[in-house]
Amino acid sequence: MCGIIGYTGPLEARQILLDGLAGLEYRGYDSAGIALCLENSHIALAKKAGKVKNLKEYCDHHITASTHSGIGHTRWATHGGVSDINAHPHRAGKVTLIHNGIIENYHALTEQFHLQNLLVSQTDSEVAAQTLNQLYTGDPLAAIRDLVKLLEGSYSFCIMFDDQPGSIYAVRNVSPLVAAATHSGSLIASDLTALIPYTREYFVVPEQHIVKLTPYKVHVYHMDDTFSKYYPEIMTVNWNMDAAMKNGFPHFMLKEIHEQPEAMRNTILPRVNKGLPDFSDDHIPDSIFKQCDQVQIIACGTAMHAGMVARAIMQPVLRIPIMVSIASEFRYEEPLIDDKSLVIIISQSGETIDTLAALRLAHQCGSTTLAVVNVKGSTIARESDYVLYTHAGPEIAVASTKAYSVQLAALYMISCRMALVRGKYTPQEAYGFLAQLLDVIPAMETLISRKEQIKKTADHIIKSPDAFFIGRGLDYAFSLEGALKLKEISYIHSEAYAAGELKHGTIALISEQVPVIAIATQEHVYAKTISNIREVKARGAFVILLLKENAVVDEDLADIQLRIPEVSDHFTVFPIAVVLQLIAYYASLAKNLDVDQPRNLAKSVTVE
Ligand code: M6R
Numbered sequence: 001m002c003g004i005i006g007y008t009g010p011l012e013a014r015q016i017l018l019d020g021l022a023g024l025e026y027r028g029y030d031s032a033g034i035a036l037c038l039e040n041s042h043i044a045l046a047k048k049a050g051k052v053k054n055l056k057e058y059c060d061h062h063i064t065a066s067t068h069s070g071i072g073h074t075r076w077a078t079h080g081g082v083s084d085i086n087a088h089p090h091r092a093g094k095v096t097l098i099h100n101g102i103i104e105n106y107h108a109l110t111e112q113f114h115l116q117n118l119l120v121s122q123t124d125s126e127v128a129a130q131t132l133n134q135l136y137t138g139d140p141l142a143a144i145r146d147l148v149k150l151l152e153g154s155y156s157f158c159i160m161f162d163d164q165p166g167s168i169y170a171v172r173n174v175s176p177l178v179a180a181a182t183h184s185g186s187l188i189a190s191d192l193t194a195l196i197p198y199t200r201e202y203f204v205v206p207e208q209h210i211v212k213l214t215p216y217k218v219h220v221y222h223m224d225d226t227f228s229k230y231y232p233e234i235m236t237v238n239w240n241m242d243a244a245m246k247n248g249f250p251h252f253m254l255k256e257i258h259e260q261p262e263a264m265r266n267t268i269l270p271r272v273n274k275g276l277p278d279f280s281d282d283h284i285p286d287s288i289f290k291q292c293d294q295v296q297i298i299a300c301g302t303a304m305h306a307g308m309v310a311r312a313i314m315q316p317v318l319r320i321p322i323m324v325s326i327a328s329e330f331r332y333e334e335p336l337i338d339d340k341s342l343v344i345i346i347s348q349s350g351e352t353i354d355t356l357a358a359l360r361l362a363h364q365c366g367s368t369t370l371a372v373v374n375v376k377g378s379t380i381a382r383e384s385d386y387v388l389y390t391h392a393g394p395e396i397a398v399a400s401t402k403a404y405s406v407q408l409a410a411l412y413m414i415s416c417r418m419a420l421v422r423g424k425y426t427p428q429e430a431y432g433f434l435a436q437l438l439d440v441i442p443a444m445e446t447l448i449s450r451k452e453q454i455k456k457t458a459d460h461i462i463k464s465p466d467a468f469f470i471g472r473g474l475d476y477a478f479s480l481e482g483a484l485k486l487k488e489i490s491y492i493h494s495e496a497y498a499a500g501e502l503k504h505g506t507i508a509l510i511s512e513q514v515p516v517i518a519i520a521t522q523e524h525v526y527a528k529t530i531s532n533i534r535e536v537k538a539r540g541a542f543v544i545l546l547l548k549e550n551a552v553v554d555e556d557l558a559d560i561q562l563r564i565p566e567v568s569d570h571f572t573v574f575p576i577a578v579v580l581q582l583i584a585y586y587a588s589l590a591k592n593l594d595v596d597q598p599r600n601l602a603k604s605v606t607v608e
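Take the sequence shown: its letter number 353 is residue 353 in my numbering, and every next letter is one higher.
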């Protein structure tokens, strides 16, 4: 979850590291630090709790020497609280190290190498640094290989050795790293956003290989006895720097909400052939859709909510079991999947560790795996049998918005293709389905243009410490995402309930002026949802009702009505998602909170 950057080359390293960390801050923002290799091989270290700007201010006053290599880190605390001491890099003898991940056996290593009196921080990362220092006898590759043999857990490390000035070493297990050799030096980072100001060509650091960066070359070694060379596949970034900037928007989240129509087009249109969904260019054969007898969807958070919507769309048409699991639970559920199961993995980052673990378990069970992933070359994308990339571009705000919409678009297309190849849809029906999917794009644009109207809800919502989202059927699946969005960035306790379930306990929490965001877009349960809304209204709730443009409803039912353009029931999630995202955004804004980097969270959850 932490951000990592390393640079060696002719340019001023300090600036590159600080700029890189500012771009990577969304990965973790408890504290930040850099280590720079100075002319005399002395290492200058700066570590500060808080945001990267604290570190920058400190460096402006304390580190002025010109430097050409160094490593930097933004932290999301796991072991040890948020403090300057626990921030990375960690120093141990000749070793300076930054770490992303968790060293599970740090305690055993502390005992084995008698580190108790050497450690100054409370971190597992410092244990790795101290252990490496003890293993180091002048050969960095051998020491790193020996360290890796001892480690349990997930990690990516960038390491400098005092007696190897200008060189940076790296190694990874699970936690992501990308690297590039450019005309202006060599770079390594946890995330492409730190590399794209300097290059469009990069490679994904393979697991269990060691990387050595020198000012103009990057070498990759197998971790065998002779450290034979490995030549990674060079990839090209398919988005530009603008995509990772705010471009005049006050927050990434608002920008990303606005980007949704384009992201939808980019994801859908390349896969439309004669009006039908076609995954030939993605090399996804129809056989995987035809041969399965059940579908298991696995994901976390917002991605899992997209999966829940997909289930509600797929199951009635395909008439086979479609199951959705939370990735962190899946492993412990003794899942009923086998070689006749199609496992669909959904992940924006492609690095979420629980989702990755579930993918690996699915392979062990002999299932075919299809990943819906946004980040090209990510671990989940590489390890899945098949990948359907969503083309949202980089999503920087911690709260997922455009990634959710395009995940849904991809899942709707999968559903349509499956129905077609399994004979559940005629070509005409599939054609109609896809046409309706494309029709949601202008509906999303309409909602975005009505944002000032949606903003007015924020004043009411922030008055209460609690908020409830209710709906039935698909509307309930949307409610789950609405509640997550609101709670993660406004810190208002928000819960989603199937509207019919309220009477079984939750209605006890409804009192005067408690906001209830009620979603009523599904015709077949509309009347029942309206009755449930009446029940909360009768108990004093402040009702914000989301419904279709032409829906008929009594004026006194809701305090605020937010209407979406008429799209058919199965497709209302797209405009509704925009409304829910804007409600959360404006609530966070009204509370003057950090919209893009809410407390305790990080964008990519690479620890269990
Ligand atoms: O990168 P992933 O899609 O695998 O991430 C999954 C969740 O961590 C993510 O969707 C999270 O719930 C969002 N921050 C919510 O807005």
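Cβ coordinates follow ideal geometry from the N, Cα and C atoms, glycine included.
A quick note: this is a predicted structure, and the numbers were derived from the prediction, not measured.
DSSP three-state call for residue i: helix, strand or coil?
i, result
"G350", "coil"
"H79", "coil"
"G101", "strand"
"T529", "helix"
"R417", "helix"
"F157", "strand"
"S494", "strand"
"E259", "coil"
"T368", "strand"
"T131", "helix"
"Y7", "strand"
"K451", "helix"
"N273", "strand"
"E566", "coil"
"T96", "strand"
"C292", "coil"
"R91", "strand"
"E201", "strand"
"R319", "coil"
"L45", "strand"
"D146", "helix"
"N117", "coil"
Cβ-heavy atom distance between residue i and the ligand M6R below 7 Å?
i, result
"G301", "yes"
"A410", "no"
"Q348", "yes"
"T352", "yes"
"E488", "yes"
"S405", "no"
"S400", "yes"
"S604", "yes"
"T390", "no"
"L484", "yes"
"T426", "no"
"T369", "no"
"T110", "no"
"T355", "yes"
So, residue i versus residue j, is the Cβ gap smaller than 8 Å?
i, j, result
"F157", "L119", "no"
"L177", "I4", "yes"
"Y386", "N374", "no"
"T131", "L150", "yes"
"V398", "L192", "no"
"L437", "I188", "no"
"L213", "A179", "yes"
"S69", "K47", "no"
"Y7", "I16", "yes"
"P215", "S186", "yes"
"S415", "I313", "yes"
"N173", "T123", "no"
"V95", "T110", "no"
"Y155", "V211", "no"
"S604", "S349", "yes"
Just to check my reading of the structure: residue i and residue j have Cβ atoms closer than 8 Å, yes? What is that Cβ distance to the nearest angstrom?
i, j, result
"T401", "M253", "6 Å"
"A306", "I346", "6 Å"
"L434", "P565", "In fact, because the Cβ distance is near 18 Å, the residues do not count as touching under 8 Å."
"F203", "M235", "6 Å"
"A443", "F574", "7 Å"
"G28", "T67", "About 24 Å; that fails the 8 Å criterion."
"L21", "V52", "5 Å"
"I322", "V295", "5 Å"
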